[in-house]
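One structure is given below, encoded as structure tokens.
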Amino acid sequence: MQRSLSHLKEKFNFPDIIQFERQGELIKCLVNFKYAKAEFFLQGAHITSFIPKHLNTDMLWLSPQSNYSMGKAIRGGIPICWPWFGKSKTDASLPQHGFARNSEFSLDSIEISDETVTIKLLLISNRESLKLWPHNFKLEVEFKFGKRLEVSLTTVNDDALPFSITEAIHSYFLISDINKTAIRGLANIDYFDQLTSHSKAQQDDLEFNQEVDRIYSASKEPLEISQQNKVKVEITQVGANSTVIWNPWQNKAQAMSDFPDSGYLTMVCIEAANTSTGVCLKPGEKHTIKQIIKG
Ligand code: BG6
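Under our numbering, think of the first position of the sequence shown as -12, with each following residue one higher.
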């Protein structure tokens, strides 16, 4: 574990571009270069801020009431849900959305080019993970910070037996007003409504006037977040069979201790995911899921 800040500073010595600091119990890395500023935590390989300099505003929503404690997920930014999305199918007492978002990753490499800063983080099966999920694996998370942001998640089966995963890149986007927001690119796409357990097809752009928790079949086209009829964000996904869209609305927001009561007004989650059918990997196989975010 890279618990020591001095060790990280020595190993990744790019003081003009990369800084490390502690926030609460966790280690945070701050990136600042020509095209963007960003912040991420080693716990969960969790990005909490991405500010492209041409926009000069954060593209991600982060809860001001979030925890920064070991073993507790950060609320907002981009949590990684892995090796299961939602509740575990085998044991409901296991942590929702898997254990990756609560686990300490190691910082494997930082590469700096003219256009991008590329960060690789690793989580490898260990005594704790094997108690929750009895498989040997390697999970590689890569962030490419540039004018846009690319997040990819590569699962490697390091076991002697096949295993299946479900997963999501659970991005929380910062918006100005959920009542004036639409998601474009979903028309005619089927979805499973997690609130009613019914399947339907989307008629038109998705607009919000209540809680939304839906798993859409993946669209071939990029999705767009439009605010007051202007496209603000374009989201592309690769290697994902679904897109999850979530806004908790008022009542669920109030019920979450790490979420401000009015927070639902300025966020929407759009998640690149492999949900119910998941991904099965034979020994030695690997699979990558990716989300590309452009402002
Ligand atoms: C979404 C799910 O991906 O995550 C929702 O579809 C869930 O059902 C939401 O409520 C937040 O989950 P959590 O565990 O971070 O509170």
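Ideal Cβ placement from N, Cα and C applies to all residues, glycine included.
Quick caveat, the model's predicted, so the values are computed rather than measured.
In the DSSP assignment, the alpha helix (DSSP H) including residue i goes from what residue to what residue?
i, result
"Glu12", "From DSSP, Glu12 is part of no alpha helix (DSSP H); its letter is neither H nor E."
Assuming residue i and residue j are in contact, meaning their beta carbons sit under 8 Å apart, how far apart are those beta carbons, in whole angstroms?
i, j, result
"Ile4", "Ile99", "6 Å"
"Lys154", "Trp69", "One detail in the question is off: residue 154 reads as Glu in this sequence, not Lys. The pair is a contact, with the Cβ atoms about 5 Å apart (cut-off 8 Å)."
"Ile97", "Ile156", "Between Ile156 and Ile97 the Cβ distance is about 20 Å, and since that is not below 8 Å, they are no contact."
"Ser151", "Gly265", "5 Å"
"Val138", "Val18", "Contact doesn't hold; Cβ gap of about 14 Å is too wide."
"Thr262", "Thr141", "Not really, about 18 Å apart at Cβ, beyond 8 Å."
"Ile280", "Arg135", "6 Å"
"Gly226", "Lys277", "6 Å"
"Gln197", "Trp236", "6 Å"
"Ala174", "Asp192", "7 Å"
"Pro209", "Thr230", "About 11 Å separates the two Cβ atoms, so there is no contact after all."
"Leu109", "Phe(-1)", "No, Leu109 and Phe(-1) are not in contact; Cβ-Cβ is about 14 Å, not under 8 Å."
"Phe179", "Phe37", "Not confirmed; about 29 Å, so no contact."
"Ser53", "Asp200", "About 20 Å separates the two Cβ atoms, so there is no contact after all."
Whose CA, out of the options, lies closest to the CA of residue i?
i, options, result
"Arg9", "Ile65, Glu26 and Glu154", "Glu26"
"Ser90", "Phe72, Thr105, Lys59 and Ser75", "Lys59"
"Lys21", "Ile280, Lys107, Pro235 and Pro39", "Pro39"
"Ile111", "Asp177, Ile176, Glu127 and Gln52", "Glu127"
"Arg114", "Tyr251, Ile14 and Phe124", "Phe124"
"Met46", "Ser53, Lys24 and Leu29", "Lys24"
"Pro51", "Pro247, Glu258, Cys256 and Tyr251", "Pro247"
"Ile106", "Thr44, Cys16 and Asp78", "Cys16"
"His33", "Ala79, Asn43 and Glu129", "Glu129"
"Ile14", "Phe1, Lys(-4) and Pro2", "Lys(-4)"
"Leu119", "Asp101, Thr77 and Glu102", "Thr77"
So, at 8 Å on beta carbons, what are the nonlocal neighbours of residue i in its own chain, with the 5 sequence-adjacent residues on each side left out?
i, result
"Glu12", "Tyr55, Ser56 and Met57"
"Leu148", "His122 and Pro270"
"Gly31", "Ala60, Ile61, Pro66, Ile67, Ala87, Arg88, Asn89, Ser90 and Phe92"
"Ile176", "Ala188, Gln189, Tyr203, Ser204 and Ser206"
"Cys256", "His157, Ser158, Tyr159, Phe160, Val231, Ile232, Trp233 and Asn234"
"Asn228", "Ser204, Ala205, Ala260, Asn261, Thr262 and Thr264"
"Asn43", "none"
"Met243", "Arg62 and Pro235"
"Phe1", "Ile97 and Ile99"
First and last residue of the beta strand (DSSP E) that includes residue i?
i, result
"Tyr203", "Val199 to Ser204"
"Ser186", "His185 to Ala188"
"Gln83", "From DSSP, Gln83 is part of no beta strand (DSSP E); its letter is neither H nor E."
"His274", "Lys273 to Lys281"
What does a CB cutoff of less than 7 Å around residue i pick up in its chain, not counting 5 residues either side in sequence?
i, result
"Trp48", "Gly63, Tyr159, Phe160, Leu161, Thr253 and Met254"
"Lys167", "Gln214 and Gln215"
"Glu194", "Ala169"
"Leu268", "Thr142, Asn144, Pro149, Phe150 and His274"
"Gly250", "Ser50 and Ala240"
"His41", "Lys134"
"Gln83", "Gly73 and Lys74"
"Glu221", "Pro209, Glu211 and Lys281"
Near residue i, what residues of its chain come up, given a Cβ to Cβ distance below 6 Å and the 5 sequence neighbours on each side ignored?
i, result
"Trp71", "Gly85 and Thr153"
"Leu(-8)", "Phe7"
"Ser75", "Leu81"
"His(-6)", "none"
"Lys283", "For residue 283 there is no data in the structure shown, the boundaries of the chain being -12 and 282."
"Glu102", "Gly133"
Could you tell me which uninterrupted alpha helix (DSSP H) segments, each at least 4 residues in length, are contained entirely in the region 210 to 264, listed from first to last along the chain? Runs of the alpha helix (DSSP H) spanning 4 or more residues and lying entirely within the region 210 to 264 occur at 236 to 242, in chain order.
Along the chain, which unbroken stretches of the beta strand (DSSP E) at least 3 residues long are found entirely within the region 132 to 182? Secondary structure within the region 132 to 182: the beta strand (DSSP E) runs of 3 or more consecutive residues, fully enclosed, are 136 to 144, 150 to 161, 168 to 171 and 177 to 180 (chain order).
Whole beta strand (DSSP E) elements within the region 97 to 125, 3-residue minimum: Correct list: 104 to 111.
Can you check the region -10 to 39 for any beta strand (DSSP E) of at least 3 residues that lies completely inside it and give the ranges in chain order? Runs found: 5 to 10, 13 to 20, 23 to 28 and 33 to 39.
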